[in-house]
Amino acid sequence: MTGSYRVVWSEGMFILPQHFQQSDRYFEQLIRNSTQPLRSFAWGVSFVEIDQAALAIGQFAIIRASGLMEDGTPFLITPEALPPSLQLPPTTRDCIVYLALPRLVQGVVDFAPKGDETPYARYQVSDTDVRDCTSMSSETTAVQVGVPQFRFVLATDPRPDLVCLGLARISEVRADRQVVLDPRYIPPCLSVGTAPPLARFLTELQGLLHQRAESLAGRLSETGGNAAPQSNDFLLLLTVNRWEPLISHLSGQQTIHPEDLYTTLLQLAGELAAFIRKSRRPPPFPIYRHDDLHATYLPLIEELRTALTTMISRTAEKLELEYHEGVWYAPVKDRTLLSKTAFILAVRASVRGETLRTEFPGQTKIGPAEKISELINSSARGIGLEVLPTAPRQLPYHAGTIYLELDRQGELWRKLERSPGIAIHVSGEFPDLDMELWTIREVAL
């Protein structure tokens, strides 16, 4: 029974190397057991610099690296003690390169003597000159130390009894031996500063939030922020204002752990979903995987980009209505509006609101400009109208105004694609009738 138990030191005992080795095992395990529960996924690279010159000749190598292996082993690889470079086969494609270290296995020697190529010894014995730090003398003494036997292995290589940490993904090895790395790959890391794709997205997200906040603040300033349909904009501005300083802070520091950032951005996506998704609910996102950060983050990043850019582009435009011989005409010059926007008719008149709501749709015919005379003289309904319960938040609110959405299904609507515009005819008596035709850009989420 070896285990990692504490050594019992007692007077008069005969001290052997095994006593110190067992003491090392105990304290290493004590530190590991005390620190690992403090946070999840407490492993990964904290810094890595890949040798670009080696990539040019078909090899993979690093210049320096630091971090924690998955078993809790800390490492600091400097140019003085680099793992041997890995010669990549010409057929290598879409393959992860790992930094590997032999596991501590009972019954297997931990230290390989100098010159011994024992593959599964964790340490290689090496001599180093050490001076006495309590003496002014510059004399040194040769001390044997154990240098971790790091190596590089591919995902396709057998990896028994190896602790592995992904460093890069090989996209391909070209005919000229140039190695191409996948720029989207994110190694397991201890902070987003080690993951350029995540660091860049934080900067991008900060800009998107700032742009959206400026747009909302400008719109609310123009309307005074008191109109009823602007309440959603005000709540959205509160949300964006709350998140922008936090994302700005995280972008500047870049010390946050990837899991903590993922948790933070999930909250942002959930809040934005209430404003911009038709279901008002966030979509399902992947479970966090520390060893596959690209697949973990990609759906979340795409959702946030879509949400913020969609909100910026979701604007309302008023079409000019021209009255001629009892008919209102609205030219539609941009045909894409017919498929990508909602058409809202805002109507007010000097009648009771309930009367306007119940009678106006049945006494109004809407259709392509060239078909309106035919519709007026027939019993056909024309393009349908649906009374909306409230004013769309994108439109200015006016008391006594009803809002109706044009039905974009049916043959008449499809004919608008070849028509010069929309025509509206009202047959009933509605004193002081005033109408506005609006388009509201939509994106299905």
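For reference, each letter of the sequence shown is one residue, going 641 to 1085 in our numbering.
Backbone N, C-alpha and C define an ideal beta-carbon position, used for all residues, glycine too.
Only a predicted model underlies this, so the values are computations on that prediction, with no experimental measurement involved.
- By the Cβ neighbour-count rule, E943 is buried, with 16 or more other Cβ atoms within 10 Å of its own.
- Between I1062 and V972, the beta carbon gap of about 6 Å places them in contact (Cβ cut-off 8 Å).
- Restricting attention to A815, V832, P836 and L830, the CA atom closest to the CA of D822 is found in P836.
- Per the Cβ contact rule, the region 656–666 is not in contact with the region 680–695 (fewer than 3 Cβ pairs under 8 Å).
- When the five nearest sequence neighbours on each side are left out, the beta carbons in the same chain lying within less than 6 Å of the beta carbon of R920 are those of A914, in order along the chain.
- Between V813 and T732, the C-beta gap is smaller than 8 Å, which places the two residues in contact.
- For the region 993–1033, the full-length alpha helix (DSSP H) segments reaching 4 residues or more read 993–999 and 1012–1016 along the chain.
- Sixteen is the threshold: since fewer than 16 other Cβ atoms of the shown chains lie within 10 Å of the Cβ of V783, the residue is exposed.
- When the alpha-carbon of G1022 is set against those of K1055, E844, N673 and S811, the nearest one is in K1055.
- Note that the C-beta distance between A956 and I1064 is not below 8 Å.
- The continuous stretches of beta strand (DSSP E) do not include R665, which lies in the alpha helix (DSSP H) extending over residues P657 to T675.
- Excluding five sequence positions before and after A986, the CB atoms of its chain that fall closer than 6 Å to its own CB belong to T1041, Y1043 and E1076, given in chain order.
- In the structure shown, R771 falls within a strand segment according to DSSP collapsed to helix, strand and coil.
- By DSSP's assignment, T780 forms a beta bridge with R771.
- With contacts defined by Cβ atoms closer than 8 Å, V832 and Q907 do not form a contacting pair.
- Under the three-state reduction of DSSP output, E1051 falls in the helix class.
- Classified as buried, P898 has 16 or more neighbouring CB atoms from the shown chains inside 10 Å of its CB.
- K980 sits exposed, since fewer than 16 C-beta atoms from the chains shown fall within 10 Å of its C-beta.
- For Y963, no alpha helix (DSSP H) segment is defined; the enclosing uninterrupted segment is the beta strand (DSSP E) at E962 to H964.
- Close CB contacts of F751 within its chain, under the 7 Å cut and outside five residues either way in sequence, are with A761, Y763, V765 and G786 (chain order).
- Linking Q658 to G643 through their CA atoms gives a straight-line distance of about 13 Å.
- Ranked by Cα distance from E994, the first of L878, G1024 and L1028 is L1028.
- For Y902, the secondary structure class from DSSP, reduced to helix, strand or coil, is helix.
- Distance check between D873 and each of Q1034, L996 and L959 places Q1034 closest, using alpha-carbon atoms only.
- Judged by DSSP secondary structure, H1065 falls within the beta strand (DSSP E) whose first and last residues are G1061 to V1066.
- In the displayed model, E1057 falls within a helix according to three-state DSSP.
- Excluding sequence positions up to five before and after N881, its CB lies within less than 7 Å of the CB of A853, all in the same chain and listed in chain order.
- Between L838 and V688, the C-beta spacing is not below 8 Å.
- Of all C-beta pairs linking the region 923–940 to the region 882–889, fewer than three are shorter than 8 Å, placing the two stretches out of contact.
- Taking Q699 as the centre and dropping the five residues before and after it, the same chain places the C-beta of S725, L726, Q727 and L728 closer than 7 Å to its C-beta, in chain order.
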